[in-house]
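S.K.: Please find one structure pasted underneath; my questions will follow.
There are 2 protein chains.
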Amino acid sequence: MNASDNGRDNAGVQSEQRASAEGRRYNIVSVDDHVVEPPDVFQDRLPAHLRERGPRVVSTGEADVWEINGAKHAITGLSAMAGRSFEEYTPKALRFAEMRPGCHNARQRLVDMDTDGIDAELLFGTLAGLAGGTFIDLAAQDAELAMACVVAYNDWLAGEWCAEDPARLIPQCILPLWDLASAARELGRCIGIGHKAALLPGLPHVFDLPPFADPAWGPLLGACEESGVPVALHIGGSIGRKQAAETLGALGPDAGVPAETLVASAPLTNYGVLANVLFSGVPVRYPQMKIVSVESGIGWIGYFLERMDWTYERHRFWTHSLLDEPPSHYFRRQMYGTFLVDDTGIETIERIGIQNVMWESDYPHTDTTWPKSRELIKTHLGHLAPEVLHNVIAGNAVRVYGLEES
Amino acid sequence: MNASDNGRDNAGVQSEQRASAEGRRYNIVSVDDHVVEPPDVFQDRLPAHLRERGPRVVSTGEADVWEINGAKHAITGLSAMAGRSFEEYTPKALRFAEMRPGCHNARQRLVDMDTDGIDAELLFGTLAGLAGGTFIDLAAQDAELAMACVVAYNDWLAGEWCAEDPARLIPQCILPLWDLASAARELGRCIGIGHKAALLPGLPHVFDLPPFADPAWGPLLGACEESGVPVALHIGGSIGRKQAAETLGALGPDAGVPAETLVASAPLTNYGVLANVLFSGVPVRYPQMKIVSVESGIGWIGYFLERMDWTYERHRFWTHSLLDEPPSHYFRRQMYGTFLVDDTGIETIERIGIQNVMWESDYPHTDTTWPKSRELIKTHLGHLAPEVLHNVIAGNAVRVYGLEES
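Chains A and B, in that order, give the protein sequences. Quick note: the first sequence, position 146, residue 145 per numbering that gives the first Met the number 0, numbers continuous. Quick note: the second sequence, position 104, residue 103 per numbering that gives the first Met the number 0, numbers continuous.
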């Protein structure tokens with residue numbers, strides 16, 4: 000695999016032609032999909048003196064594994080299961096050759112998107128972590144290398160992978176959060192090269208970062224608000240050096256609970272992220288900021304807004320709450336949840352907000368709706384009024400991420 | 000305060016007279032309320048050689064604090080807020096004299112229940128922990144003392160406090176879970192003295208207990224099934240020696256997240272308990288067992304059943320699932336959720352199961368509906384069909400806990 004495999008000449012041109020013939024209009028936008036970084040991302044971009052320590056792929060015979068500064072980072076097979084039957088799902092780390100090429104090859108991704116009828120995808124990484132946590136961890140050992148990796152990832156994602164068709168492959172940047180002033184600068188640079196959202200961990204303390212209520216976050220959060228670029232809080236985005244045992248709480252891998260418990264629970268873990276962002280007063284201080292809870296499902300949000308409002312009503316005195324209004328006020332004004340198939344969420348959509356939910360396909364993870372997205376949309380959302388349906392599967396995303404239609 | 004304050008002569012007799020005049024019929028049953036153990040519970044009951052080390056109340060001047068085997072156990076004020084305005088809520092530990100007497104005095108509790116129109120309450124402790132965790136922790140230092148404390152608590156709750164009116168004050172037993180064979184025997188003894196449910200932690204590993212899939216649980220879980228006594232899994236029931244930092248996961252007290260985050264999130268933490276019990280195969284092996292998720296709210300359960308079924312469908316092959324059917328099958332057959340005010344839960348009640356939800360008042364905690372329970376029931380449940388309403392606020396509880404009507 001190398002950069003020319005991405006073949007930005009063919010598929011990209013075809014897409015643009017198609018788009019210009021029809022006028023660009025997004026019919027189905029997925030706000031949560033993943034790239035599996037191919038082996039050349041970092042070695043092609045790091046300064047010469049950092050290459051040796053920087054991320055490189057080594058083969059263990061059974062799997063292709065990343066090595067960073069001497070430490071091995073295996074990628075669970077569950078991150079690259081698109082196209083497999085459920086019987087073939089495995090957590091075992093894979094070789095790139097065992098993955099569906101659309102996992103790591105942009106041209107092939109566009110082909111897979113065509114198969115599934117997906118017009119655009121908002122992209123997260125794999126090695127990088129769901130909020131860049133791999134490099135936040137790395138910074139504790141080697142901040143120079145970590146910063147170079149963040150820049151390399153952001154450059155590669157926007158400048159190479161998504162350049163394959165920038166209207167359909169939408170990059171979201173990771174940030175050097177161990178240095179919040181630099182993070183604000185990197186955000187500005189990323190917006191300049193086409194990134195449409197910033198990834199943040201919802202529980203900063205997991206990375207020993209200051210809480211959101213700390214003024215240190217001001218420059219970055221202010222820049223997010225001012226630029227209009229949404230903040231995406233993906234489930235698992237707070238998995239870092241303290242790892243799942245703490246992030247998933249008592250359900251961590253040492254807990255002796257069945258693996259299905261962890262898988263079933265993963266989306267719902269973002270309840271704490273929602274509550275933390277809200278009760279830390281982020282939307283109070285940044286009323287224009289857009290905040291997206293990604294892959295968390297939506298069927299519990301109606302309940303949780305009620306619960307947070309109830310808590311605010313009863314506890315705001317002794318807690319010296321940072322909010323001026325009940326939490327649901329801020330959620331409906333500027334927060335969003337995303338889902339794949341969620342009948343309870345759709346049944347209760349008016350409690351969440353018709354403008355506040357966005358559909359996703361989660362390619363190529365185990366949850367992915369690929370290649371049955373249109374069928375599942377028809378089955379589970381087909382009863383919605385046409386304008387509501389359009390908002391949920393495209394219109395809200397176009398508005399939130401500022402995608403351009405013509 | 001002393002035992003005679005409980006005055007079992009007056010209020011108890013009045014209640015029984017009222018009940019016998021009308022025939023005993025439960026109109027409002029709350030399945031989650033708390034006693035604040037009064038100071039004499041353990042000192043009156045422990046064998047002489049254990050009294051010195053056993054739980055006793057000492058005054059710090061500002062608060063009455065329990066001392067057990069030399070260690071202090073403060074009780075948060077948030078556990079005894081019934082009757083206060085929200086402005087007066089405080090986490091500060093209190094003196095007994097600052098609490099509403101119904102917190103610790105059974106006769107006064109019955110008066111408060113009359114004020115609020117509550118026919119019966121299912122009771123949990125305070126010092127004891129929500130699944131007896133205080134004594135599971137103690138057993139690691141002094142198993143003899145811990146066992147005596149468990150027995151004393153169970154004897155006191157059924158034999159003294161609830162004896163004030165056994166048809167209205169319903170005891171639930173704690174168990175010496177560090178010795179699962181003894182726990183099965185203690186369950187049998189407790190059923191004999193009137194206990195109607197057994198409290199278990201939903202995440203046994205927090206107490207270094209074997210996972211539910213381990214055969215060591217067989218005698219106890221088998222006894223629960225055989226006797227028909229439900230297992231109550233109260234939120235926070237897995238807080239023990241590993242404490243909130245791990246049990247509430249990344250939201251623990253050291254997390255630097257606002258206190259409201261913890262309060263708002265507490266009910267939802269039981270999602271992991273539900274998933275653990277289900278995916279550990281407990282309802283598969285014990286199809287007659289009744290399992291209650293207490294104080295967890297219900298508005299997220301419809302979503303989570305969908306999510307668990309989705310997970311089971313996709314992941315059951317590589318996980319070698321212990322289930323034969325999707326999780327929702329077992330939930331609807333034998334599992335229950337409880338709530339105070341939960342409009343989303345009621346809107347989605349058919350997804351959860353009309354037979355599977357029970358109302359609670361949570362006296363005297365901060366969430367309590369006291370003394371407005373009837374008003375809140377009318378406002379939030381008044382639109383339900385009469386037989387559904389009756390099931391939700393009484394009938395389901397009568398059936399699940401085996402309360403006797405005449």
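Ideal Cβ positions, reconstructed from N, Cα and C, are used throughout, including at glycine.
Give the interface partners of R306/A over in chain B, defined as CB-CB distance under 7 Å, in chain order.
M.R.: Taking the first sequence and counting its residues from 1, the one referred to as residue 306/A is at position 307. Near R306/A (Cβ distances below 7 Å), the residues of chain B are A263, P266 and G296.
S.K.: Identify which residue in R331/B, T310/B and G394/B has its Cα closest to the Cα of H364/A.
M.R.: As a working note, residue 364/A is residue 365 in the first sequence. If we check each option's Cα against that of H364/A, T310/B comes out closest.
S.K.: What would DSSP say about R167/B, mapped onto helix, strand or coil?
M.R.: Counting from 1 along the second sequence, the entry for residue 167/B is found at position 168. Three-state result, R167/B: coil.
S.K.: So if I threshold CB-CB distances at 9 Å, which residues from the region 347-365 of chain B count as touching chain A?
M.R.: Going along the region 347-365 of chain B in chain order, one finds T347, R350 and T365 with a Cβ nearer than 9 Å to chain A.
S.K.: Whole angstroms is fine: what's the gap from W155/A's alpha carbon to I169/A's?
M.R.: As a first step, residue 155/A is located in the first sequence; it is residue number 156 there, counting from the start. As a first step, residue 169/A is located in the first sequence; it is residue number 170 there, counting from the start. Taking the straight line from one Cα to the other gives about 12 Å.
S.K.: Counting only the same chain and skipping the five closest in sequence on each side, list residues whose C-beta sits under 6 Å from that of E66/B.
M.R.: If you number the second sequence from 1, residue 66/B lands on position 67. Excluding sequence neighbours, E66/B sits near R55 and V57.
S.K.: Output yes if chain B places a C-beta closer than 8 Å to the C-beta of T343/A; else output no.
M.R.: Position 344 of the first sequence holds residue 343/A. Answer yes: the Cβ-Cβ gap between T343/A and chain B drops below 8 Å somewhere.
S.K.: Measuring only between beta-carbons, confirm whether L321/A sits less than 8 Å from chain B.
M.R.: In the first sequence, residue 321/A corresponds to position 322, counting from 1. So yes, L321/A belongs to the interface.
S.K.: Would you mind sorting H314/B into buried or exposed? The rule is 16 or more other CB atoms within 10 Å of its CB.
M.R.: Position 315 of the second sequence holds residue 314/B. Buried is the call here.
S.K.: R106/B: buried (16+ other C-beta within 10 angstroms of its C-beta) or exposed?
M.R.: In the second sequence, residue 106/B corresponds to position 107, counting from 1. Buried.
S.K.: Among the candidates G116/A, R50/A, P229/A and F338/A, whose CA atom is the shortest distance from the CA of E374/A?
M.R.: Against the first sequence, residue 374/A aligns to sequence position 375. Comparing Cα-Cα distances from E374/A to each of G116/A, R50/A, P229/A and F338/A, the minimum goes to G116/A.
S.K.: Which one or two residues does DSSP pair with M307/B in a beta bridge?
M.R.: Position 308 of the second sequence, counted from the first residue, corresponds to residue 307/B. M307/B pairs with nothing; no bridge assigned.
S.K.: Which same chain residues end up closer than 6 Å to K195/A when comparing Cβ atoms and leaving out the 5 residues on each side of it in sequence?
M.R.: Start at 1 with the first residue of the first sequence, and residue 195/A comes out as number 196. Cβ within range, chain order: I169 and Y400.
S.K.: In whole angstroms, what is the alpha-carbon distance linking A393/A and I27/A?
M.R.: Numbered from 1 along the first sequence, position 394 holds the residue referred to as residue 393/A. Numbered from 1 along the first sequence, position 28 holds the residue referred to as residue 27/A. Rounded to the nearest angstrom, the two C-alpha atoms are 5 Å apart.
S.K.: If you draw a straight line from the C-alpha of G60/B to the C-alpha of H72/B, how long is it?
M.R.: Position 61 of the second sequence, counting from 1, holds the residue named residue 60/B. Position 73 of the second sequence, counting from 1, holds the residue named residue 72/B. When rounded, the distance between both Cα atoms is 15 Å.
S.K.: Give me the Cβ distance between Q171/B and F123/B, rounded to the nearest whole Å; I'm assuming they're in contact under 8 Å.
M.R.: Residue mapping note: residue 171/B aligns to position 172 of the second sequence, counting from 1. Residue mapping note: residue 123/B aligns to position 124 of the second sequence, counting from 1. At roughly 6 Å, the Cβ-Cβ gap stays under 8 Å, so Q171/B and F123/B are in contact.
S.K.: Tell me the DSSP secondary structure of K91/A in three-state form.
M.R.: Residue numbering aside, residue 91/A sits at position 92 when the first sequence is read from its first letter. Three-state result, K91/A: coil.
S.K.: Assign T114/A to buried or exposed, taking buried as 16 or more other Cβ atoms, counted over all protein chains shown, within 10 Å of its Cβ.
M.R.: Locating residue 114/A in the first sequence gives position 115, where the first residue counts as 1. So T114/A ends up on the exposed side.
S.K.: For G187/B, which three-state DSSP category applies?
M.R.: For the purposes of this step, residue 187/B is taken as residue 188 along the second sequence, with counting starting at 1. Three-state result, G187/B: helix.
S.K.: In or out: P319/A buried (at least 16 other Cβ within 10 Å) or exposed?
M.R.: The sequence position of residue 319/A within the first sequence is 320, counting from 1. The sequence shown places His at residue 319/A, rather than the Pro named in the question. Label assigned to H319/A: exposed.
S.K.: With a threshold of 8 Å between beta-carbons, can H314/A be considered close to chain B, or not?
M.R.: Counting from one through the first sequence, the residue named residue 314/A turns up at place 315. Yes, because at least one Cβ of chain B sits closer than 8 Å to the Cβ of H314/A.
S.K.: Between the alpha carbons of F278/A and F211/A, how many angstroms are there, rounded?
M.R.: One-based indexing of the first sequence puts residue 278/A at position 279. One-based indexing of the first sequence puts residue 211/A at position 212. Spanning the two alpha carbons is a distance of roughly 10 Å.
S.K.: Check each candidate in H379/B, S327/B, E359/B and W358/B and name the one with the smallest Cα separation from R350/B.
M.R.: On the second sequence, position 351 is the one that residue 350/B refers to. That would be S327/B, whose Cα lies nearest to the Cα of R350/B.
S.K.: Starting from the beta carbon of W155/A, find every residue of chain B whose beta carbon is closer than 7 Å, and list them in chain order.
M.R.: Sequence index remark: in the first sequence, residue 155/A carries index 156 (1-based). In chain order: nothing, as chain B lies at least about 30 Å away.
S.K.: Please state whether DSSP places K289/B in a helix, a strand or coil.
M.R.: Mapped onto the second sequence, residue 289/B falls at position 290. Three-state DSSP puts K289/B in coil, outside helix and strand.
S.K.: Using a Cβ cut-off of 8 Å (strictly closer), state whether P252/A contacts chain B.
M.R.: Counting from 1 along the first sequence, the entry for residue 252/A is found at position 253. Note that P252/A scores a pLDDT of 47, beneath 50, so its modelled location is shaky; the value from the coordinates is reported in the next line. P252/A does not count as touching chain B.
S.K.: If you run the structure through DSSP and keep just helix, strand and coil, what is A442/A?
M.R.: The question about residue 442/A has no answer, for chain A in this structure spans 0 to 405.
S.K.: What residue range does the beta strand (DSSP E) around W155/A cover?
M.R.: Here residue 155/A corresponds to residue number 156 of the first sequence, with the count starting at 1. No beta strand (DSSP E) holds W155/A; the alpha helix (DSSP H) holding it covers A142 to W155.
S.K.: Of all Cβ atoms in chain B, is any one closer than 8 Å to the Cβ of Y285/A?
M.R.: Against the first sequence, residue 285/A aligns to sequence position 286. For Y285/A, the answer is no, since every Cβ of chain B falls outside 8 Å of its Cβ.
S.K.: Could you check if P229/B is buried or exposed, using at least 16 other CB atoms within 10 Å of its CB as the buried criterion?
M.R.: Mapped onto the second sequence, residue 229/B falls at position 230. Looking at its Cβ environment, which holds 16 or more other Cβ atoms inside 10 Å, P229/B is buried.
S.K.: Using a 10 Å radius around the Cβ and a threshold of 16 neighbouring Cβ atoms, would you call D207/B buried or exposed?
M.R.: Position 208 of the second sequence, counted from the start, is the residue given in the question as residue 207/B. Exposed is the call here.
S.K.: Threshold first: 3 residues or longer. Then list the beta strand (DSSP E) segments lying entirely within the region 28-70 of chain B, N to C.
M.R.: Runs found: 28-33, 55-58 and 63-67.
S.K.: Give the DSSP-derived three-state secondary structure of V256/B in the structure shown.
M.R.: Working through the second sequence from its first residue, we reach residue 256/B at position 257. Here V256/B sits in coil by DSSP.
S.K.: Since E86/A meets chain B, which of its residues come closer than 8 Å, beta carbon to beta carbon?
M.R.: By 1-based counting over the first sequence, the position of residue 86/A is 87. Per Cβ cutoff of 8 Å: F316.
S.K.: Starting from L322/A, trace the alpha helix (DSSP H) in both directions and tell me its first and last residue.
M.R.: Here residue 322/A is taken as the residue at index 323 of the first sequence, counted from 1. It is not in any alpha helix (DSSP H) - L322/A carries neither H nor E in the DSSP assignment.
S.K.: Excluding sequence positions up to five away, which residues of its chain have a Cβ less than 7 Å from the Cβ of I353/B?
M.R.: For this step, residue 353/B is matched to residue 354 along the second sequence. So the qualifying residues of the chain are V387 and N390.
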